[in-house]
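Engineer: With UniProt numbering applied, the sequence shown covers 1 to 175.
A virtual CB, placed ideally from N, CA and C, is assigned to each residue, including glycine.
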Amino acid sequence: MGRFHRHGVESTAAIAGHPLHHMLVVFPIAFLIGAFATDLAFWGTKNPFWAQASYWLLIAGILTALVAALPGFLDFFTIDKVRDLWIAWTHMIGNLIVVVLAIVNVWLRWTDAAEGAQGWGLTLSFLSTALLFFNGWLGGELAYRYGIGAIPDDSPEVEQFHTPEPHRADRSTLG
Numbered sequence: 001m002g003r004f005h006r007h008g009v010e011s012t013a014a015i016a017g018h019p020l021h022h023m024l025v026v027f028p029i030a031f032l033i034g035a036f037a038t039d040l041a042f043w044g045t046k047n048p049f050w051a052q053a054s055y056w057l058l059i060a061g062i063l064t065a066l067v068a069a070l071p072g073f074l075d076f077f078t079i080d081k082v083r084d085l086w087i088a089w090t091h092m093i094g095n096l097i098v099v100v101l102a103i104v105n106v107w108l109r110w111t112d113a114a115e116g117a118q119g120w121g122l123t124l125s126f127l128s129t130a131l132l133f134f135n136g137w138l139g140g141e142l143a144y145r146y147g148i149g150a151i152p153d154d155s156p157e158v159e160q161f162h163t164p165e166p167h168r169a170d171r172s173t174l175g
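1. Rounded to the nearest angstrom, what separates Y55 and L74 at their Cα positions?
2. Would the beta-carbon of S11 fall within 7 Å of that of G136?
3. Going by DSSP in three states, H7 sits in which element: helix, strand or coil?
4. Say whether the region 82 to 93 touches the region 46 to 61, bearing in mind that this needs 3 or more beta-carbon pairs closer than 8 Å, one atom from each stretch.
5. Do the region 32 to 47 and the region 125 to 133 make contact, defined as three or more Cβ pairs closer than 8 Å?
6. Measuring only the C-alpha atoms, how far is D112 from N105?
7. Any beta carbon from chain B within less than 7 Å of A150's own beta carbon?
8. Taking only three categories from DSSP, how would you classify L20?
9. From what residue to what residue does the alpha helix (DSSP H) around V25 run?
Pasting the structure below:
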């Protein structure tokens, strides 16, 4: 049975209490990991379709990462508790590195997607994917361990879902 923790720091970039950063990060993660998967497909088949797919997935990953970063930056720079955590700094810097790697990866493929998908392109896709897994784990720590983006427990939105502990009969009074 899960334990209920009394903590939470509400996101400053949220809709109806739902943090935007948490909702948006799934898109760049999917696109950038998809680019690595299609790079592997190109490596295995040499079918240029996969190299072209990687190119467009990288562009989609960069654009959606920039969109997802906006509410992340807003939370980072407006919530003091976030800036006090080394995990938050590592998460932010790590994801900025992923975006830079993806931009370089697109640049390598700019004139010829198939040529760029080999060697350094595949290596950058692998490094981006590895960093995404690490940064995603850090983001999970921020959300689940530190409660960043969670509605504070004393909030009326949380209190309405609380139910008291069930009353247990005292065995000594049962006879």
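Structural biologist: Reading off the structure:
1. On the sequence shown, residue 55 is found 55 positions in, with the first residue counted as 1. On the sequence shown, residue 74 is found 74 positions in, with the first residue counted as 1. Distance between the alpha carbons of Y55 and L74 is about 29 Å.
2. Residue mapping note: residue 11 aligns to position 11 of the sequence shown, counting from 1. Residue mapping note: residue 136 aligns to position 136 of the sequence shown, counting from 1. At a Cβ-Cβ threshold of 7 Å, S11 and G136 do not count as neighbours.
3. The residue you call residue 7 lines up with position 7 of the sequence shown. Looking at H7 - three-state DSSP - the assignment turns out to be coil, as it is neither helix nor strand.
4. The region 82 to 93 makes no contact with the region 46 to 61; the number of CB pairs closer than 8 Å stays below 3.
5. The count of Cβ pairs closer than 8 Å, one atom from the region 32 to 47 and one from the region 125 to 133, reaches three, so the stretches are in contact.
6. Along the sequence shown, one-based indexing puts residue 112 at 112. Along the sequence shown, one-based indexing puts residue 105 at 105. Those two C-alpha atoms are separated by around 12 Å.
7. In the structure shown, chain B cannot be found, because there is only a single protein chain.
8. In the sequence shown, the residue the question calls residue 20 occupies position 20. Residue state for L20 is assigned as helix, using DSSP reduced to three classes.
9. Within the sequence shown, residue 25 is the residue found at index 25, counting from 1. For V25, no alpha helix (DSSP H) run applies, since DSSP gives it neither H nor E.
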